[in-house]
Amino acid sequence: MIHKTAIVSSKAEIHDSVEVGPFTVIEDNVVVGEGSKIGSHVQLSSGARLGKNVQVYTGAVIGSVPQDLKFEGEDSLANVGDNTIIREYATFNRGTNESGSSDVGMNCLLMAYSHIAHDCKIGNNVILANSVNLAGHIHIDDHAIIGGIVPVHQFVHIGAHVMIGGGFRVPQDVCPYSMVGGYPLKVMGLNIIGLRRRGFSREAIGMLQKVFKRLFFSNLNTKQAVASIRDEIEKTPEVEVVLRFIENSSGRGITK
Numbered sequence: 029m030i031h032k033t034a035i036v037s038s039k040a041e042i043h044d045s046v047e048v049g050p051f052t053v054i055e056d057n058v059v060v061g062e063g064s065k066i067g068s069h070v071q072l073s074s075g076a077r078l079g080k081n082v083q084v085y086t087g088a089v090i091g092s093v094p095q096d097l098k099f100e101g102e103d104s105l106a107n108v109g110d111n112t113i114i115r116e117y118a119t120f121n122r123g124t125n126e127s128g129s130s131d132v133g134m135n136c137l138l139m140a141y142s143h144i145a146h147d148c149k150i151g152n153n154v155i156l157a158n159s160v161n162l163a164g165h166i167h168i169d170d171h172a173i174i175g176g177i178v179p180v181h182q183f184v185h186i187g188a189h190v191m192i193g194g195g196f197r198v199p200q201d202v203c204p205y206s207m208v209g210g211y212p213l214k215v216m217g218l219n220i221i222g223l224r225r226r227g228f229s230r231e232a233i234g235m236l237q238k239v240f241k242r243l244f245f246s247n248l249n250t251k252q253a254v255a256s257i258r259d260e261i262e263k264t265p266e267v268e269v270v271l272r273f274i275e276n277s278s279g280r281g282i283t284k
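So the numbering used here is basically just the index in the sequence shown, starting at one, shifted up by 28.
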């Protein structure tokens, strides 16, 4: 299952079922789980941890040293969850002392030429389209989708079920359930189609529409809008997700 031209360290832990393509390099201190397929010319650097049924396509680099001048060679990891697909020439740096690892969850799709920098934390079922570039320390929650050629500023937090249009710049946190785009980036509305596809009820969507009207389409500032929501809108689980997100903002501010 390992091509004769591949270079695989004897100190790597590769499950017997793993396929490794030609001219791939797998270094010491790498773990690849059951059923994974590693294409040609792939680099799995020290610290890479791949779960079960991960697919890595031609030229991708996982676990490489962070592009961070503060990095001093410390041991750290780049974790990839089960069933994630990493397409051609995507790059994924391992973590620094800040958190010890960079993490991508399960069932994600990282399209060609996407880049995930050090200490990023990516949830499950996340899609990064072609040439998305994530700076360090970014958090992306479950089911978020980021369109192609999007740069995201360091420390930004992108909430669950967000849809970000292609070609836009993301300098601030993005509220869960929102659809955003434009120059400068702004909330265009609720990601209704995405929520329907994922089984959100009509009642849940209706409650979120009320929340979004207060937060983004009124004359209230964020503090006033949150107070109004707490006083006047039912605290459904979806509403609580929005309120907690705002309370725990990264400090870069929230896209309005």
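Glycine is no exception: its CB is placed at the ideal position from the N, C-alpha and C atoms.
As the structure is a prediction and not an experimental result, all values here were calculated from the model.
Residue range of the beta strand (DSSP E) that includes residue i
i, result
"Leu-213", "That residue, Leu-213, is in no beta strand (DSSP E); it is neither H nor E in DSSP."
"Leu-105", "105-108"
"Asp-131", "129-132"
"Gly-77", "Strictly speaking, residue 77 in this sequence is Arg, with Gly absent from that position. Note, Arg-77: beta strand (DSSP E), 76-78."
"Thr-119", "119-121"
Where residue i sits in the DSSP three-state scheme
i, result
"Glu-100", "coil"
"Ala-88", "coil"
"Gln-83", "strand"
"Lys-241", "helix"
"Glu-116", "coil"
"Glu-47", "strand"
"Glu-62", "coil"
"Glu-231", "helix"
For residue i, the nearest candidate out of the options (CA to CA)
i, options, result
"Thr-86", "Gly-164, Leu-138, Ser-246", "Leu-138"
"Ile-282", "Thr-119, Ser-206, Ala-255", "Ser-206"
"Gly-194", "Leu-72, Tyr-211, Leu-78, Phe-183", "Tyr-211"
"Asn-107", "Gly-151, Gln-95, Glu-100, Arg-115", "Gly-151"
"Asn-111", "Pro-199, Ser-64, Thr-124", "Ser-64"
"Pro-179", "Asp-169, His-165, Val-198", "Val-198"
"Ile-8", "Asp-259, Ile-114, Ile-168, Gly-101", "The requested residue 8 does not occur in the structure, where the chain is confined to residues 29 to 284."
"Ser-159", "Phe-99, Asn-247, Ile-177", "Ile-177"
"Ser-19", "Gly-123, Arg-280, Gln-252, Arg-225", "Limits of the chain in this structure are 29 at one end and 284 at the other, which puts residue 19 out of reach."
"Ser-277", "Val-215, Arg-242, Pro-204", "Pro-204"
"Ala-76", "Leu-243, Asp-44, Ser-129", "Ser-129"
"Asn-249", "Asp-44, Lys-284, Phe-228, Glu-62", "Lys-284"
"Pro-50", "Gly-61, Leu-162, Val-84", "Val-84"
"Ala-232", "Lys-98, Thr-264, Ile-168", "Thr-264"
"Gly-164", "Phe-244, Phe-196, Lys-98", "Lys-98"
"Gln-237", "Gln-252, Arg-224, Ile-220", "Ile-220"
"Val-285", "Asn-135, Gln-95, His-143", "Residue 285 is absent from the model: the chain starts at 29 and stops at 284."
Endpoints, alpha helix (DSSP H) assigned at residue i
i, result
"Gly-222", "220-225"
"Thr-250", "250-260"
"Phe-273", "265-275"
Beta-carbon gap between residue i and residue j smaller than 8 Å
i, j, result
"Gly-133", "Ala-157", "no"
"Ala-172", "Tyr-141", "no"
"His-189", "Gly-222", "yes"
"Phe-240", "Leu-218", "yes"
"Val-46", "Ile-35", "no"
"Val-267", "Ile-274", "no"
"Ala-88", "Asn-121", "no"
"Val-202", "Gly-187", "yes"
"Gly-109", "Gly-79", "yes"
"Asn-57", "Lys-32", "no"
"Ile-155", "Val-184", "no"
"Val-70", "Glu-41", "no"
"Asn-153", "Asp-170", "yes"
"Asp-103", "Glu-126", "no"
"His-43", "Glu-55", "no"
Contact test: residue i Cβ vs the ligand ADP heavy atom, cutoff 7 Å
i, result
"Arg-230", "With respect to small molecules bound, the structure shown includes none, and the ligand ADP cannot be examined in it."
Exercise for the section: With a floor of 3 residues, list each beta strand (DSSP E) that falls wholly inside the segment 167-214, ordered by position along the chain. Expected result: Taking only runs of at least 3 residues, the beta strand (DSSP E) segments lying wholly in the segment 167-214 are 206-209.
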